[in-house]
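Novice: This is the structure, below, for whatever I ask next.
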Amino acid sequence: MPMEEDICLDAAGLSTQTPSGSQIECATPNRELPYLILCDAERRKEYLSLCVPLYQAAIKGDWKVAKDVIDKYPGIVRVAITRKWETALHIAAAAKRTAFVKELVERMNEEDLALKNKDDNTAICFAAASGIVEIAMIMVEKNKNLPMIQGNKGMRPIYMAALFGHRNMVSYLYPVTNFGSLAREEQISLFLGTISADLYDLALKILKEDRSLAYARDTNGETALHVLARKPSTIANKSYLGIWKRSINSCFEWIYHKDLMQTLAHQLVEKLWEHVLQLQDWEISKLIKTPSKLLFDAAELGNVEFLIILIRAYPDLIWKVDQNNRSLFHSAVLYRQEAIFNLIYEIGAIKDLIAAYKDKNNNDNNNILHLAGNLAPLSRRQIVSGAALQMQRELLWFQAVEKIVPPSYIKMKNSKNQTPKELFAEEHKKLLKGEKWMKSTATSCMLVATLIATVVFAAVITVPGGENNNTENDFLISLPTRLMFGISTLFISIATMVLAYTGAIFLIHDHKYVWVPILIVFLACATVTLFAWQHFHLWADTIRSTYWSRFLFRPFKHRLYN
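What follows is the structure, encoded as structure tokens:
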């Protein structure tokens, strides 16, 4: 009667002896796992002589070397060649070696393609993660069941492809994956996974097959709308691409693709909300409140298009408040989202009622103007450069909110006995020192720039009475304008000085060595260019803050009810 060891080895197609003549054994006769021969310390020599060359060949796509090994030991295609139990097919698929995979699959049985590594992943899981559709096609053509085999943590290949954002791979795997036979949790996870990966065309296709996914919750209790609420830059302001935009973008594929996905995201939100609105009012209220208040997630992140779509179809949402009694506009002020705050100008007298809500967080009893007096989150302050321009933006916010609140709210005190303006002054003490920052901007320049800056900035920025005379209002127009002219004058001064210097070099230098003045001119021009490159962002921010920011709270067209 044959030994178990011999049966395993015969099944693997390997002889019972390695080239060195030593005995090898089959450690795991499991149909889902590869044969674990040569995987222990005692078989290290055989591992180095068989597995390592095959591994290197799979990584490099060198079929000639691999063929020599496989011709001698055909069963090695079913053998784990790494410590994590990957076969040569796993390695080649991960390395995106299409030609190698094609040759290898031809020498494997159907069930060999379903072998799993230590993490329960089949080779097609690696192909799905790599995004090479042709490799997946080669495998599925040999074994039609591969797309339905679960990998690590129960994930199927299509879900892995979605996680990695491989649109073409998901598009290929979706028709060959029996979506209807998946467990409900898997269907929901796949649907939300396509949305997380910005695969909106596929999400729309899945939603069309099962409308109930619009309000289905995953294991964390989230719906598709919760995911989309946190994606402020992916939703276009229209549900279609205009003819002119399609014509222009067709010349630039990546731009067209981005615009198309944003448009599809808009369509997806509309479809999802359309299905959600078929529910009862209490069900809708529960959906938008748990596990997080998706309206306020969107407001905090500035997802204005998302909110417009929802409010336009269900106007009552404008009255919603969070656990701290803050409306959407309170959140917009607190997190400095001007696009959302500007919607308040479209709701008429309703804004007076909503603006009167008081914040109950920590019993501070702040009104909406107090919220404008709080220091903006760092991520929003960093939209512009430097403390001075940040202070200007903060003042613009305070003034905009001041115009919409009842007159009594301007002097109203919170529970800490502070008026909005007093709170603003306390929160912005550091930013009030922004004038010093303006004067110090020139110190990063080269020596000649610093000398010029001493003259330019001393004349342009210094105000009568010294630094202590400054008020917050200086930051709105006066100081940014001076900074803009200061930087411009500084650059012109440096450029003209270098120009004069290079002219003098050519006039007085011995023309015997022509390359010397050319080198000097090149270095001088490089200095000017470096200065311009370093300060262009600041200069552009200054212009934008000085002139364009005046339109920050003046929307050009109605968005909410156009």
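All residue numbers for the sequence shown refer to our numbering, where the first residue is -9 and numbers rise by one. Even glycine gets a Cβ: it sits at the ideal position worked out from N, Cα and C.
Roughly how many whole angstroms lie between the Cα atoms of residue 381 and residue 519?
Specialist: Using only the alpha carbons, I get a separation of about 29 Å.
Novice: Considering only residues of the region 93 to 124, which uninterrupted beta strand (DSSP E) runs meet the minimum length of 3 residues and lie entirely inside it, listed in chain order?
Specialist: Runs found: none.
Novice: Quick one: is residue 80 buried, meaning 16 or more other Cβ sit within 10 Å of its Cβ, or exposed?
Specialist: It counts as buried.
Novice: At 4 residues or longer, what runs of the alpha helix (DSSP H) sit wholly inside the region 127 to 163?
Specialist: Inside the region 127 to 163, DSSP marks whole alpha helix (DSSP H) runs of 4 or more residues at positions 147 to 153, from first to last along the chain.
Novice: Note the first and the last residue of the continuous alpha helix (DSSP H) segment covering residue 195.
Specialist: 190 to 199
Novice: Do residue 349 and residue 361 count as a contact pair if the criterion is CB distance below 8 Å?
Specialist: yes
Novice: Could you name the residues of the same chain whose beta carbon sits closer than 7 Å to that of residue 334, not counting the 5 residues immediately before and after it, in chain order?
Specialist: Taken in chain order, the residues that qualify are 319, 341 and 394.
Novice: Would you mind sorting residue 227 into buried or exposed? The rule is 16 or more other CB atoms within 10 Å of its CB.
Specialist: exposed
Novice: Give the range of the alpha helix (DSSP H) segment to which residue 218 is assigned.
Specialist: 214 to 219
Novice: Where residue 169 and residue 141 are concerned, what is the direct C-alpha to C-alpha distance, given to the nearest angstrom?
Specialist: Straight-line Cα distance between these residues: approximately 16 Å.
Novice: When DSSP labels each residue in this structure, what does residue 332 get in the three-state scheme?
Specialist: helix
Novice: For residue 156, does the count of other Cβ atoms within 10 angstroms reach 16, so buried, or fall short, so exposed?
Specialist: Residue 156 is buried by the Cβ-count criterion.
Novice: Per DSSP, which one or two residues make a beta bridge with residue 356?
Specialist: 349
Novice: Use the C-beta contact count for residue 75: other C-beta atoms within 10 angstroms, 16 or more gives buried, fewer gives exposed.
Specialist: buried
Novice: Taking 8 Å as the cut-off, decide whether the C-beta atoms of residue 117 and residue 78 are in contact.
Specialist: Cβ distance not < 8 Å, so residue 117 and residue 78 don't count as in contact.
Novice: Could you give the distance in angstroms between the alpha-carbon of residue 120 and the alpha-carbon of residue 165?
Specialist: So the two alpha carbons sit approximately 19 Å from each other.
Novice: Indicate the three-state DSSP secondary structure (helix, strand or coil) for residue 69 in the structure shown.
Specialist: strand
Novice: Mind the definition here: the region 523 to 535 touches the region 272 to 283 only if three or more C-beta pairs lie below 8 Å; say whether that holds.
Specialist: Judged by pairs of C-beta atoms under 8 Å, the region 523 to 535 does not touch the region 272 to 283, as fewer than three such pairs exist.
Novice: Just the Cα atoms here: how many angstroms apart are residue 221 and residue 287?
Specialist: 10 Å
Novice: Looking only at its own chain, which residues have a Cβ that is under 6 Å from the Cβ of residue 125, when we skip the five neighbours before and after it?
Specialist: Within the same chain, residue 125 has close Cβ partners 83, 88, 91 and 117.
Novice: Once you ignore the five residues that flank residue 178 on each side, which residues in its own chain have a CB closer than 8 Å to its CB?
Specialist: 203, 206, 207 and 208
Novice: Under 7 Å Cβ to Cβ from residue 439, same chain only, skipping five residues before and after it: list those, please.
Specialist: Reliability fails at residue 439, whose pLDDT of 46 lies under 50, so the model's placement of it is uncertain and the value that follows must be treated cautiously. So the list reads 432, 480, 484 and 521, once near-sequence residues are dropped.
Novice: Does the separation of the CB atoms of residue 420 and residue 363 fall below 8 Å?
Specialist: no
Novice: Cα-Cα, which of 129, 101, 73 and 122 is closest to residue 107?
Specialist: 73
Novice: Do you know how far the Cα of residue 523 is from the Cα of residue 504?
Specialist: 29 Å
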